[in-house]
Amino acid sequence: MKTILQAKNVQKVFGTKGNLYKALEDIDLEIKEGEFIGIMGPSGAGKSTLLNILSTIDTPSSGEIMITNQNIVRMNEEQLSDFRRNKLGFIFQDYNLLDTLTVKENILLPLALSKVPANEIEKRVNEIADTFGIREILDKYPYHISGGQKQRTAASRAIVGNPSLILADEPTGALDSKSATSLLESLNALNEQNQSTIMMVTHDAYAASFCKRVFFIKDGRTYTEIHKNHQSRQDFFQKILDVLASLGGGY
Amino acid sequence: MTLFSIARKNIRQNFTNYFLYFASMIFSIVIYFTFVSLKYDETLQATSDASPKISSAFSGAAVVLMVFVAIFIWYSNSFFTRKRKKEVGLYSLLGVRKKQIGRMLFYENFIMGILAQIIGILLGSVLSKFFVSILMGVMGFEAIGDFTISLAAIVNTIIVFSLITIITSFQGYRLIYRFKLIELFQADKEGEQEPKSSFIMALLSVILVGIGYWLALQNLMESNAWKAMGFMVTPLVILATVILGTYFLFSTLTVYLLKMSRKNKRSYWKGINLIGTSQLLYRIKGNARTLTIIAVLSATTLTAVGTAYSLYYNNRSNVGLANPNSMMFIDQDKNVTNQVRDIISNNKNHDVIYHESIPTLQINADVTTLKNNLFSNEMMYTVISDSDFNKLAKVQKRTDKLSLKGNEAAALDAGYYEGMSPNYIGSTISLKVNDRVENITFKSLKKYNALNYYTASTTVVVSEQLFTQLGKETNSVKMEVYEITNEDEAKQLTKDIQLILPVEARFSSFYADYSAGMESSGLMIFMGGFLGLVFLAATGSIIYFKQLTEANSDKGRYEILHKIGVNKKEVKRSIAKQVLFVFALPLIAGIAHCFVALTALSRLMQTSLVIPVVICMGVYTCIYIVYYFLTVNAYYKIVTKSK
């Protein structure tokens, strides 16, 4: 199986001389194509820092990161923008939809930016809207729809450009349990059926139990990782809770 | 810690936030103070002996300026307080009493007001010296004495701005009472919805502007619409339709067009167009009022400055039209006439280009047949023969020649205006000679004078034969005409001649009219230019403020775009396009309005305004473009600045 992401010795240091704070220390991570990986850890463990670095919004202090065989650490601002547009898809906790655009326009934005022809855009958007069940709200504006619908719109936008890697940052953080389950099931289906590679940062053990592998970090270091393999989701959920208990604190 | 010291600390520490407001206050004070000190300036008053006009013109303009400056300060004040709602809310949340917060805001504003006054007056003192020399220059005065700062100007400025400061400070005091706590925190949260558009309203806007334009471009004398509504009402109708039309244009037509453009998916779904168009659509309705005000202000400024500049620019040709000869007077006394001839020929600064003595007849004529209600039934004409006309035409370097027979005649009317002036050609008038009446028929019309208008009024040319015949029955009057070099500098010469000629000689000179024209039109252009610059700076700043407010609330959107992978170049292009739209709309509307107004005006004034007006528009547009780039850069900096 192809390797999508490979991070080696990633370090991130904040602050100036005499007052240094290591947010990440020697993180190694490899993600293969078609994986659904969860990143967990207590508050302040460095989850968000890691996600920001992997999503090229932030840069590491040292270390190498290869995504689809491209070294993102060595790219300039311009190349990074193009890289994000073409290779990555984002789902954020607070949706990050543009309120000046309709749901449909929000979804097609990445395609428009890549200058895909209009009729192909139309086709792709309709396909994805069906996958996430948001066909009826395509012409509405974000402030007219519910949180769950917003997050499904955001997810649609994330995958519309067929990215190599989908990055999700606490996607269920602001959703009620029903919407959260429905979103997670959609992501799961996306992973199983389309072989999409997904990396999800979460606080929530229930959300993490949908992943195939969960990677734990604590105080900026790798703590452990567990695989779902052939267990049921309930068993995997229990296992995650066990690890969290051993991690201690922060919840 | 007293409230006063908190207020002082606030100002010191958030100076960048306060800077815009502070700067616009100083700007207003500098402008006003400069203007008022010009008004009270003694050298200026002393030099312009001729015109009580100056002080009254300055007073009028000062009032306009005062109103404008007050509005401008009020606007920047409300922009400023809006930015601070959250801070005020926080104080309230921390348990500071409303009364205390109110007092604190009052002090803050008051301190800034006083500081701005001190700085403004200091800067203004320097600037007014500079402006006085400009004013003297454009009015054609050379002498500039010592410019002193007048106490009256300082007192005037302090009174006006203290009043404004107190009002705005009170406004600040009231801020905490006007809003609920929750509203203060949600200050910048928007609930703006996509504007609705209707084809009918869009059409209406075009029709309204069209009606206004059509009315303005009618020939005043012949139009039925003007007749029906009257001369007082029609201009008001024009103003109302154009302003209202402009407003609808911005609030509905642009929305309509943007929505139409959204239908074209091939271009709309292409790169940043999606972002730019939707962003504009979202904002345009809220901006319509500001854009209208700016368009109308721009049009007014351009028209006023354009007109003033045209007067100044065309002064020479207008004066030349009324005074085809450098000097002219009626020969009443041989001695005096010879004396004048000697004065002119002995003058070293001016050479005589030509000197003629033209025999003329002063004859009353019955002009009822000309059917012009602006004239009385009887008019005095200066009659000359065609051979004398040809002689004058030749020395005045015109290629025209007249050869008239029998009772044919030609009229010379430099002020001819189609529809307003009589229809000369073909008409017959009766010259009254003693008890007899001689009918003459106009065969041609020349739209210039051969004799200076002040001395000769309207001139009629008749055939040599008729002239001799009439000359036998009425007294001939000799008119002396001179053309000299450097006629626009003949100040001393004109004065010398004026001293020896009696009033009845009706002495006219190019120089006297020219310098009077320079004086009044120079004053107008100075005031027009001054007020124009102020308006320009103010409109530019209003757009600038408004765009930066929007930039602040758009920040989040651009962060999202950055995360999705829109690069900085694209962001900049999108911003440049959006801001261009906001800047270009009122400018184009303003120029169009001004163009129509000036077309109408140039017909009325019978001069071509094209060159001066194009120069004005060019300068205006250039300054506007500078504002545009400043705004784009500031906007870009705000939205790309990472947290």
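Heads up: the sequence lines are chains A and B, in that order. So the first sequence is numbered by my numbering: it starts at 1 and just counts up by one. So the second sequence is numbered by my numbering: it starts at 1001 and just counts up by one. Beta carbons are placed, not taken as given, at the ideal position from N, Cα and C, and that holds for glycine.
Proximal chain B residues relative to residue i, where beta-carbon distance stays under 8 Å
i, result
"K123 of chain A", "What K123 of chain A touches in chain B: nothing, since even the nearest Cβ is about 12 Å away."
"F90 of chain A", "K1563 and I1564"
"E77 of chain A", "N1567 and K1568"
"D139 of chain A", "In chain order: nothing, as chain B lies at least about 11 Å away."
"S62 of chain A", "Ordered by position in chain B, no residue passes the 8 Å Cβ test against S62 of chain A, which lies about 21 Å from the chain."
Within chain A, the residues that residue i reaches when beta carbons sit closer than 9 Å
i, result
"R1573 of chain B", "Within 9 Å Cβ-Cβ: nothing; R1573 of chain B doesn't reach chain A, min ~12 Å."
Buried or exposed (CB count within 10 angstroms, at least 16 for buried), residue i
i, result
"Q234 of chain A", "exposed"
"H227 of chain A", "exposed"
"P117 of chain A", "exposed"
"A154 of chain A", "buried"
"D1554 of chain B", "buried"
"V1460 of chain B", "buried"
"I1671 of chain B", "Outside the displayed range of chain B (1001 to 1643) lies residue 1671 of chain B, so it cannot be described from this structure."
"E1190 of chain B", "Confidence at E1190 of chain B is low in this model, with a pLDDT of 48, below 50, so its placement is unreliable and the value that follows should be read with caution. The residue in question, E1190 of chain B, is exposed, as its Cβ has fewer than 16 Cβ neighbours within 10 Å."
"H230 of chain A", "exposed"
"M1260 of chain B", "exposed"
"V1610 of chain B", "exposed"
"F1015 of chain B", "exposed"
"V1626 of chain B", "exposed"
"R1097 of chain B", "exposed"
"G1406 of chain B", "exposed"
"D1188 of chain B", "Only weak support is given to the placement of D1188 of chain B: the predicted model assigns it a pLDDT of 48, under 50, and the value that follows is read from those uncertain coordinates. Exposed, since its Cβ has fewer than 16 Cβ neighbours within 10 Å."
"F1072 of chain B", "buried"
"T1428 of chain B", "exposed"
"P1502 of chain B", "exposed"
"M1139 of chain B", "buried"
"M1136 of chain B", "buried"
"C1622 of chain B", "exposed"
"G250 of chain A", "Note on G250 of chain A: pLDDT 48, under 50, position unreliable in the model; the coordinate value appears next. Per the 10 Å Cβ criterion, exposed."
Residue i: contacting residues in chain A (beta-carbon distance under 8 Å)
i, result
"I1560 of chain B", "N96, L97 and L98"
Proximal residues of chain B, C-beta to C-beta of residue i below 7 Å
i, result
"I57 of chain A", "K1563"
"S81 of chain A", "G1565, V1566 and N1567"
"A118 of chain A", "K1265, R1266 and W1269"
Amino acids of chain B, ordered along the chain, whose beta-carbon sits closer than 9 Å to that of residue i
i, result
"R85 of chain A", "I1564, G1565, V1566 and N1567"
C-beta neighbour in chain C for residue i, strict 7 Å
i, result
"C211 of chain A", "Here the protein chains are A and B, and chain C is not one of them."
- the region 211-219 of chain A touching the region 38-53 of chain A, judged by at least three CB pairs closer than 8 Å: Taking a cut-off of 8 Å for Cβ pairs, the region 211-219 of chain A and the region 38-53 of chain A touch, as three or more such pairs fall below it.
- Query: Quick one: complete alpha helix (DSSP H) runs, 4+ long, within the region 86-118 of chain A?
  - Reply: Every alpha helix (DSSP H) of 4 residues or more that sits fully in the region 86-118 of chain A is shown, in chain order, as 103-113.
- Message: At a CB distance below 7 Å, what residues from the region 1262-1282 of chain B approach chain A? Give them in sequence order.
- Response: Within the region 1262-1282 of chain B, the residues whose Cβ lies closer than 7 Å to some Cβ of chain A are K1265, R1266, W1269, K1270, G1271, L1274, S1278, Q1279 and Y1282, listed in chain order.
- Task: Please determine if the region 239-248 of chain A and the region 54-63 of chain A are in contact, where contact requires at least 3 C-beta pairs separated by less than 8 Å.
- Result: The region 239-248 of chain A, when compared against the region 54-63 of chain A, does not touch it at the 8 Å Cβ threshold.
- Query: Can at least three beta-carbon pairs, one atom from the region 1444-1455 of chain B and one from the region 1390-1402 of chain B, be found at a separation below 8 Å?
  - Reply: Two segments are said to touch when three or more pairs of C-beta atoms, one from each, lie closer than 8 Å; by this definition the region 1444-1455 of chain B touches the region 1390-1402 of chain B.
- Task: Just list the alpha helix (DSSP H) runs in the region 1331-1372 of chain B, keeping only unbroken ones of 4 residues or longer that don't cross its boundaries, in chain order.
- Result: Whole alpha helix (DSSP H) segments, 4+ residues: 1334-1346.
- Task: Mind checking the region 99-116 of chain A against chain B and listing, in chain order, the residues whose C-beta falls within less than 9 Å of any C-beta there?
- Result: If the cut-off is 9 Å between Cβ atoms, the region 99-116 of chain A has D99, T100, L101, T102, E105, L108, L109, P110, L111, A112, L113, S114, K115 and V116 near chain B.
- chain A contacts made by the region 1080-1102 of chain B, where a contact means CB separation under 8 Å: Residues passing the 8 Å Cβ filter: none.
- Residues from the region 1598-1623 of chain B in contact with chain A, defined by Cβ distance under 9 Å: Of all residues in the region 1598-1623 of chain B, none has a Cβ within less than 9 Å of some Cβ in chain A.
- Query: Contact between the region 1600-1619 of chain B and the region 1548-1564 of chain B: three or more CB pairs below 8 Å?
  - Reply: No, they do not touch.
- Task: Count the CB pairs spanning the region 1251-1268 of chain B and the region 1539-1556 of chain B that are closer than 8 Å, and state whether there are at least three.
- Result: Cβ pair count under 8 Å is below three, so no.
- Query: Is there contact between the region 195-204 of chain A and the region 10-28 of chain A, where contact requires at least three CB pairs shorter than 8 Å?
  - Reply: Contact between the region 195-204 of chain A and the region 10-28 of chain A is absent: fewer than three C-beta pairs spanning the two stretches fall below 8 Å.
- Message: What are the residues in the region 1529-1560 of chain B lying within 7 Å of chain A by C-beta distance?
- Response: Within the region 1529-1560 of chain B, the residues whose Cβ lies closer than 7 Å to some Cβ of chain A are R1557 and I1560, listed in chain order.
- Query: Is it a yes or a no for the region 1112-1125 of chain B touching the region 1026-1038 of chain B, going by three-plus beta-carbon pairs under 8 Å?
  - Reply: Judged by Cβ distances under 8 Å, the region 1112-1125 of chain B makes contact with the region 1026-1038 of chain B, as three or more pairs qualify.
- Item | contact_flag[the region 63-82 of chain A, the region 144-163 of chain A] where n(CB pairs < 8 Å) is 3 or more | They do not touch, by the three-pair rule.
- Query: Is there contact between the region 1572-1583 of chain B and the region 1622-1636 of chain B, where contact requires at least three CB pairs shorter than 8 Å?
  - Reply: With a cut-off of 8 Å, the region 1622-1636 of chain B and the region 1572-1583 of chain B count as touching, because enough Cβ pairs lie within range.
- Query: On the three-pair Cβ rule with 8 Å, is the region 1584-1594 of chain B touching the region 1292-1300 of chain B?
  - Reply: Proximity of the region 1584-1594 of chain B to the region 1292-1300 of chain B meets the contact definition, three or more beta-carbon pairs being nearer than 8 Å.
- In chain order, which beta strand (DSSP E) runs of at least 3 residues are fully inside the region 1226-1312 of chain B? Listed in chain order, there is nothing to give.
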